[in-house]
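All remarks here apply to the structure that follows.
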Amino acid sequence: MKQLIETIVKPLVDHPGDVQVDKDEQPHRVTYKLSVNPEDMGKVIGKQGRVAKAIRTIVYSAAGSHHGKKVYLDIID
36 MKQLIETIVK PLVDHPGDVQ VDKDEQPHRV TYKLSVNPED MGKVIGKQGR
86 VAKAIRTIVY SAAGSHHGKK VYLDIID
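Taking this note's numbering, the leading residue of the sequence shown gets 36, the next gets one more, and so forth.
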């Protein structure tokens, strides 16, 4: 799942080397924390959050059935 997130995000940003995905797994939920360069934050979020919403939709669809747990994607700087 980390590779999927990186594959989606890296082409969108100017600093792909700064893209980092961490996984925090708990009994009933998995949280992926996406960290990007502060200059790229606007590109990842997009106008009115459209890009972030699209990324989350893909991740939730792919991961939901895979983990059997609730999946979250947090975008942090």
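For every residue, glycine included, the Cβ atom is placed at its ideal position computed from N, Cα and C. Treat the numbers as computed from the prediction; the structure is a model and nothing was measured.
Under the three-state reduction of DSSP output, Asp49 falls in the coil class, being neither helix nor strand. Residue pairing by DSSP places Ile110 opposite Leu69 in a beta bridge. Separation of Gly81 and Lys104 (C-alpha to C-alpha, rounded to the nearest whole angstrom) is 27 Å. For Lys104, DSSP records no beta bridge to any residue.
Rounded to whole angstroms, the separation of the alpha carbons of Gln61 and Lys88 is 23 Å. In the DSSP assignment, Glu60 falls within the unbroken beta strand (DSSP E) covering Gln55 to Gln61. Separation of Pro46 and Leu108 (C-alpha to C-alpha, rounded to the nearest whole angstrom) is 18 Å.
The beta-carbon distance between Val79 and Val44, rounded to whole angstroms, is 6 Å. This is short enough to meet the 8 Å contact definition.
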